[in-house]
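Quick note: the sequence shown, position 106, residue 117 per the numbering used here, numbers continuous.
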Amino acid sequence: MILFASLLGLCGCTTSVNDERVVAKSDHWIVTIDLVYKKGEYEEVPSIQYIGEDLVDEKVEINILHPNNSSTSNTLHVSIKPNEVIQLPTRSSVEDWRDIESVIVTWGVEEEILIFE
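Right under this line is the structure:
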């Protein structure tokens, strides 16, 4: 009985929250969000990678969609080369990393909606 109680106590003490990663991919973009657990919330650390063939030399808008119609928005005003990865500066925090739904990437006259897996 004492051994069982000790094992039960050990199991209860080893519960921890892990950092997470979600990825969404389209024909032109890969958006990765590393979620770092801090003080009861997950801080988003987003990055975007262009996987198209031609240089993108126009404004790129990235909107990460959350529940309740909220979003984290980033705008890039730089030339993006194929396979280049850019860490996005604007970050949000979420209580549950599974609440991150999708991301909309807009550049020039193009727009893609990416769903996180």
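For glycine and all other residues, C-beta sits at the position ideal for the given N, C-alpha and C. Quantities reported herein were computed from a predicted structural model and do not represent experimental measurements.
Burial state of residue i, where buried means 16 or more other Cβ atoms lie within 10 Å
{"i": "N85", "result": "buried"}
{"i": "I126", "result": "exposed"}
{"i": "V105", "result": "buried"}
{"i": "S66", "result": "Per the sequence shown, the amino acid found at residue 66 is Leu instead of Ser. Classification for L66: exposed."}
{"i": "T83", "result": "buried"}
{"i": "E55", "result": "buried"}
{"i": "V116", "result": "buried"}
{"i": "P93", "result": "exposed"}
Backbone secondary structure at residue i - three-state DSSP
{"i": "R8", "result": "Given that the chain is displayed from residue 12 to residue 128, the structure contains no residue 8 and the question cannot be resolved."}
{"i": "P100", "result": "coil"}
Residue span of the beta strand (DSSP E) that contains residue i, given as start and end
{"i": "E121", "result": "121 to 126"}
{"i": "I115", "result": "113 to 118"}
Worksheet item: Which runs of the beta strand (DSSP E) spanning at least 3 residues fall entirely within the segment 32 to 101, listed in chain order?
Response: 40 to 49, 52 to 61, 71 to 76, 82 to 87, 96 to 98
Practice prompt. Please confirm if the segment 53 to 66 is in contact with the segment 27 to 44, defined as three or more CB-CB distances below 8 Å between the two stretches.
Written response: yes
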